[in-house]
Amino acid sequence: MDTPNVRAAARLSVAPMMDWTDRHCRYFHRLMSREALLYTEMVTAAAVVRGDAARLLEYDDAEHPVALQLGGSDPVELAEATRIAGRYGYDEINLNVGCPSDRVQSGCFGAVLMRQPDLVADCVKAMLDQSPVEVTVKCRIGVDEQDPEVVLPGFIEAMVGAGVKRMTVHARKAWLEGLSPKQNRDVPPLDYPLVYRMKREFPELHLSINGGIATLDEAQGHLAEGIDGVMIGRAAYHTPAEILLSADAAIFGEAAPGRCAEDVALAMLPYIETHLGAGGRLNQITRHMLGLFAGRPGARGWKRTLSEQAHRDGAGPEVVLQALGHVTQHAA
């Protein structure tokens with residue numbers, strides 16, 4: 226059940242982010258890091274079982290190592306979704322027990338499941354029975370009035386008992402009443418030391434930490450505390466070159482891909498051509514590329530050109546090249 230290369234890749238991962246980490250985003254990120262583990266957006270088990278599984282689950286082989294995140298709370302449905310997903314060759318299947326969005330709560334999955342560890346354990350066991358790869362769990366430290374010091378150890382113990390060997394903990398509570406999903410990413414205080422203690426309490430568990438981590442230096446600090454892996458979300462999306470172009474060397478001790486941000490933009494052009502040839506639109510890809518030159522001269526022109534022109538009918542690679550000109554003219 227273990228996939229050693231995925232366990233190694235989990236030393237640094239890019240978080241699953243709704244509406245952001247789709248297949249185009251992951252292909253783009255992979256051009257910057259060979260090593261980091263990439264996650265899909267959360268896909269509901271119901272959508273996989275009763276919807277267009279191919280549209281939801283297909284991806285480019287270049288994305289490996291890549292993990293699928295499922296959402297749900299019905300063990301039978303999650304097992305079936307896992308069985309179907311097994312045909313697509315993902316390197317890991319992850320269960321979401323951390324998302325605080327309204328639509329997740331109404332479906333009785335995501336962070337609300339922190340209240341039902343026995344149900345989550347049943348879900349995990351059912352998934353493991355159908356999965357050709359490791360099944361992992363991503364959770365919060367608690368929800369609402371729960372005491373994380375009590376709830377998190379009990380929850381982790383239940384997961385380990387169900388057969389989970391790797392988890393990611395977002396080191397904040399989720400407030401399901403009173404805070405929006407956006408506020409839940411920033412307002413509840415972070416408790417990194419609690420996650421460190423969980424690693425000491427469950428030494429055999431491969432434990433990654435998530436929440437508020439914005440730089441590779443911060444990631445290295447968490448690893449130095451004994452944590453097995455670091456998951457970065459918004460910083461990897463908004464400043465991808467800053468995080469991912471240096472990740473292979475800084476976090477994995479491997480040679481960097483040898484690309485600069487300009488190289489990455491050019492390397493996306495064949496992928497864009499293929500997408501457009503299949504009937505896709507340019508902005509479906511370039512919306513993920515807006516932060517590629519964040520903090521650099523010309524970044525504003527790059528972002529403005531893509532934002533204003535990529536959505537237009539017939540827009541193609543020439544728009545990316547035009548946008549790139551804003552950066553290269555400063556580098557000359």
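Using my numbering, you'd call the opening residue of the sequence shown number 226 and step up by one each time. For every residue, glycine included, the Cβ atom is placed at its ideal position computed from N, Cα and C.
Alpha-carbon spacing of residue i relative to residue j, whole angstroms
i	j	result
Asn230	Arg255	16 Å
Arg521	Val552	8 Å
Trp400	Leu281	29 Å
His447	Met423	13 Å
His536	Ala396	37 Å
Gly454	Ile434	6 Å
Pro413	Lys398	6 Å
Ile309	Asp354	13 Å
Glu317	Gln554	42 Å
Met267	Gly504	25 Å
His378	Leu441	The residue you asked about is not His; residue 378 is Pro in the sequence shown. If you take the alpha carbons of Pro378 and Leu441, they lie about 28 Å apart.
Met339	Asp372	11 Å
Ala287	Glu370	43 Å
Val489	Leu517	9 Å
Gly483	Ser298	43 Å
Arg477	Ser238	In the sequence under discussion, the amino acid at residue 477 is Phe, which differs from the Arg named in the question. If I take the Cα positions, the gap works out to 12 Å.
Tyr462	Glu487	17 Å
Ile366	Ala279	34 Å
Ala492	Glu498	11 Å
Thr303	Gln547	The sequence shown places Leu at residue 303, rather than the Thr named in the question. Going from the Cα of Leu303 to the Cα of Gln547 covers about 45 Å.
Tyr496	Tyr421	41 Å
Glu426	Leu419	10 Å
Ala475	Gln445	8 Å
Met384	Cys364	11 Å
Pro428	Ala449	15 Å
Met226	Asp538	The pLDDT assigned to Met226 is 43, lower than 50, so where the model puts this residue is not dependable; a value taken from the coordinates is nonetheless given after this. Straight-line Cα distance between these residues: approximately 46 Å.
Ala234	Pro325	26 Å
Sheet register partners of residue i (DSSP bridge)
i	result
His431	Arg391
Cys364	Val322 and Val394
Gly454	Ser433
Ala399	Val368
Candidates the options: closest to residue i by CA position
i	options	result
Ala346	Lys390, Arg312, Arg525 and Gln371	Lys390
Gly502	Arg529, Lys528 and Ala540	Ala540
Cys348	Gly403, Arg312 and Gly386	Gly386
Leu295	Asp316, Gly314, Arg312 and Val273	Val273
Asn321	Tyr313, Gly311 and Leu293	Leu293
Glu479	Ala261, His249 and Arg248	Ala261
Cys485	Pro428, Leu470, Phe477 and Met493	Leu470
His289	Glu382, Pro325, Tyr264 and Ala460	Tyr264
Glu467	Thr530, Met257, Val394 and Lys363	Met257
Ser532	Ala519, Glu543, Leu515 and Asp538	Leu515
Gly388	Gly550, Val376, Lys528 and Leu430	Leu430
Tyr313	Cys324, Val358 and Pro300	Val358
Ile381	Ser356, Pro342 and Gln408	Pro342
Met242	Arg459, Gly523, His500 and Ile510	Arg459
Val337	Ser356, Thr361, Glu305 and Val376	Val376
Leu507	Val301, Gln534, Arg259 and Gln408	Gln534
Thr269	Ala233, Gly403, Cys333 and Asp416	Cys333
Arg232	Gly523, Asp538, Leu344 and Ile452	Ile452
Gln509	Arg251, Gln408, Ala234 and Ala235	Arg251
Arg259	Asp277, Gln408 and Arg236	Arg236
Boundaries (first-last residue) of the alpha helix (DSSP H) holding residue i
i	result
Ile497	Ala486 to Gly502
Met423	Tyr417 to Glu426
Thr530	Ala524 to Gln534
Val231	Pro229 to Ala234
Leu448	Leu441 to Ala449
Ile438	That residue, Ile438, is in no alpha helix (DSSP H); it is neither H nor E in DSSP.
Gln509	Asn508 to Thr511
Contained alpha helix (DSSP H) runs [length at least 4] in the region 280-334, N- to C-terminal order: 300-310 and 327-331
Entirely enclosed beta strand (DSSP E) segments - the region 237-279, minimum 3 residues: 237-239 and 262-269
Alpha helix (DSSP H) runs contained entirely in the region 340-364, provided each spans 4 or more residues: 342-355
Segments of 4+ residues assigned as alpha helix (DSSP H) that fall wholly inside the region 462-486: 465-469 and 472-475
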